[in-house]
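Top to bottom, those sequences are chains E and Y. Position in the first sequence (first residue = 1) + 22 = the working numbering. Position in the second sequence (first residue = 1) + 22 = the working numbering. The beta-carbon is built from N, C-alpha and C at its ideal position, and this holds for glycine as well. None of these values were measured; they are calculated from a predicted model.
There are 2 protein chains.
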Amino acid sequence: MMSAHPVIDSSIRARIQRTPLFSAWSEGAFAALLEQSRIRQLDLGEILFHEGEEARAFYFLLAGEVDLITLGAGGREKIVEIIQVDDLFAEAVAFLGGRYPVQAAAGLASTVVEIPFAPFMATLQGHQELMPQMLARLSMRLHYLIKELRHLSMESANQRVASYLLDLCPAGGESVEICLPAKKAAVAARLGLTPETFSRVLGRLRKAGLLRVDKRSLHIPDPQALRRWADSS
Amino acid sequence: MMSAHPVIDSSIRARIQRTPLFSAWSEGAFAALLEQSRIRQLDLGEILFHEGEEARAFYFLLAGEVDLITLGAGGREKIVEIIQVDDLFAEAVAFLGGRYPVQAAAGLASTVVEIPFAPFMATLQGHQELMPQMLARLSMRLHYLIKELRHLSMESANQRVASYLLDLCPAGGESVEICLPAKKAAVAARLGLTPETFSRVLGRLRKAGLLRVDKRSLHIPDPQALRRWADSS
DNA sequence: GCAATTTCTTGATCGAGATCAAGCCGCATC
DNA sequence: GATGCGGCTTGATCTCGATCAAGAAATTGC
């Protein structure tokens, strides 16, 4: 990658502005903010920010994959969320006392847009009509975490895997084809499981005829049946 | 309890206004909001609102204890938070799509002030300078949940109990006397443990000389030592 | 193409915490 | 003081998922 100054071109601009957080921003304010932003390339495994580090910016994922991770005693780590392309992340940190509450590491070679908090917050203060969007964003994260808490504390490995797969399914009817968003070990960590257990659950589902696995793509012949199986696990 | 119309008197007003959420409110707006609020008595075990129910109001706990609970398959339940006297709760629900994400049940006979969302939100929209307080509140909840997630997914029963007890300790030095905020079974549920396991951990701590237990009051001769014990569990 | 590394699967064992089952203590009511 | 009940403790067993240990399959490098 030798483009010395990767540029935020209009197609990237459009992708960022499509996020709910920015959809209500005026052209001028948005352009001024991106003026102060820059593109960063991340190698596989590279750490974008550490837990507890002073937070100066939030990010938009252009390509690749970023994992948000909390660290426990003895190197233990739990993936809180696997960020996908075209997602904003860490924007809620603006109001969280200036420190990142989790670590962000690239799960693949990745590209992000780094958007500094200072001008973002300044614009927000000058345009309080933009705050409801921010509140909505924080609320979504709250919802997500409450759901996670429920899954972690009250569901078995079988149920967690099944719920996760069902969440990946498009809403509609039957015979869905889905694709895991990351390598299986990362998905396992996201679910609070070891790779071994994750593999075994997938095996169980395969033997029960509820799932066909090929590499990272999964075929679910009957999501309803999967739901029932989860409920009775 | 035969006071037919329990009244929100000035001492109660003062208690509510001391919360960060309302400290910046004008006298007039605040008085108008309380005009539309009312006091409710709850029996032990009474459910204030259900998970998924349409959210019309949030609450301030005057007396007693309220537990926020998520329900899992098969009657399993996890206490997300034990609300204490003088706490606001469910206020974040205002931005959460109109449904309560958890259930609230009285852990003791309790008294709450029920504050309806409609006038609250109307005032907020008319006075956007009050929104930063709301953002700060949501951020605190986010922080809390991220911490909970870490505890649940990466710590042993020993560590969870120890962290919890240390959180209850006043900041300072040594030989602390603390009091459990609820009956032990509720604390256990809050920690994602069975009462039996909680009791056993307390027993372990007692035998290790790190804790003296008397009913609900606990004496911790050396918090530092407790911290060390947790880290090496 | 073949070796080397990484990813995934499968099997055997282990352990923390849940569950099941008594028993104990404090406290109320009569 | 007996009786009953709720809250807590203690003990025995069971279960799920982690851990340890190989091996198979896919990817990468030369």
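{"Item": "Contact list for PRO123/Y against chain E, beta-carbon separation under 7 Å", "Value": "HIS165, ILE168"}
{"Item": "Span separating the alpha-carbon of ASP89/Y from that of PHE80/Y", "Value": "14 Å"}
{"Item": "Touch test, the region 132-139 of chain E against the region 42-62 of chain E, Cβ-Cβ under 8 Å, three pairs minimum", "Value": "yes"}
{"Item": "Straight-line Cα distance separating ALA179/Y from ALA252/E", "Value": "26 Å"}
{"Item": "Proximal chain Y residues relative to LYS100/E, where beta-carbon distance stays under 8 Å", "Value": "LEU171, ARG172, SER175, MET176"}
{"Item": "MET24/Y at chain E interface by Cβ criterion, 8 Å", "Value": "Summary for MET24/Y: the model assigns pLDDT 45, below 50, so the residue's position carries little reliability; its value from the coordinates is reported in the next sentence. Closer than 8 Å: no."}
{"Item": "CB contact check: ALA158/E to chain Y, cutoff 8 Å", "Value": "yes"}
{"Item": "The region 234-250 of chain E: positions lying closer than 7 Å to chain Y by Cβ", "Value": "none"}
{"Item": "SER132/Y - partner residues in DSSP beta bridges", "Value": "LEU64/Y"}
{"Item": "DSSP state of ASP189/E mapped onto helix, strand, coil", "Value": "helix"}
{"Item": "Nearest-angstrom beta carbon gap, PHE117/Y and SER161/E [assumed within contact, 8 Å]", "Value": "4 Å"}
{"Item": "C-beta neighbour in chain Y for MET143/E, strict 8 Å", "Value": "no"}
{"Item": "Beta-carbon spacing of VAL183/Y, VAL223/Y below 8 Å", "Value": "yes"}
{"Item": "C-alpha gap between ALA211/Y and ILE242/E, whole angstroms", "Value": "36 Å"}
{"Item": "Cβ-based contacts, 7 Å cut-off: residues of the region 73-104 of chain E near chain Y", "Value": "THR92, GLY94, ALA95, ARG98, LYS100, VAL102"}
{"Item": "From VAL209/E, ALA208/E, LEU188/E, ALA207/E, residue whose alpha carbon lies closest to that of ILE200/E", "Value": "LEU188/E"}
{"Item": "LEU171/Y classed as buried or exposed, judged by whether at least 16 other C-beta atoms fall within 10 angstroms", "Value": "buried"}
{"Item": "Environment of GLN125/E [buried if 16+ CB atoms lie within 10 Å]", "Value": "buried"}
{"Item": "Per-residue burial, ALA208/E [other beta carbons within 10 Å of its own, 16 or more giving buried]", "Value": "buried"}
{"Item": "Status (buried if at least 16 other CB within 10 Å, exposed otherwise) for SER25/Y", "Value": "Low per-residue confidence applies at SER25/Y: pLDDT is 45, beneath 50, and the placement is therefore not dependable enough to give any value."}
{"Item": "Neighbour flag for LEU118/Y against chain E, beta carbons, 8 Å", "Value": "yes"}
{"Item": "Within-8 Å CB hit, ASP31/E to chain Y", "Value": "no"}
{"Item": "Expected contact under 8 Å - CB spacing of ARG40/E and GLU113/E to nearest Å", "Value": "Contact doesn't hold; Cβ gap of about 15 Å is too wide."}
{"Item": "Close-in-space but distant-in-sequence residues of the same chain around GLY94/Y (CB under 8 Å, 5 per side omitted)", "Value": "LYS100"}
{"Item": "Sheet register partners of GLN125/Y (DSSP bridge)", "Value": "ILE91/Y"}
{"Item": "Test item: CB-CB of SER185/E and GLY214/Y under 8 Å", "Value": "no"}
{"Item": "Buried or exposed (CB count within 10 angstroms, at least 16 for buried), PRO42/E", "Value": "exposed"}
{"Item": "Own chain residues within Cβ distance below 8 Å of MET23/E, not counting five before or after", "Value": "Below a pLDDT of 50, predicted positions are generally treated as unreliable, and MET23/E, at 44, falls in that range; the measurement from the model is reported next regardless. The residues are GLN63."}
{"Item": "GLN150/Y at chain E interface by Cβ criterion, 8 Å", "Value": "yes"}
{"Item": "Contacts around PRO154/Y, its chain only, beta-carbon distance under 8 Å, and the 5 residues preceding and following it disregarded", "Value": "none"}
{"Item": "Coil, strand or helix - HIS72/E by DSSP", "Value": "coil"}
{"Item": "Proximity below 8 Å, CB of ILE137/Y to CB of PHE82/Y", "Value": "yes"}
{"Item": "Buried versus exposed, by CB contacts within 10 Å (16 or more), PRO192/E", "Value": "exposed"}
{"Item": "Cβ neighbour criterion (16 or more within 10 Å) applied to VAL29/Y", "Value": "exposed"}
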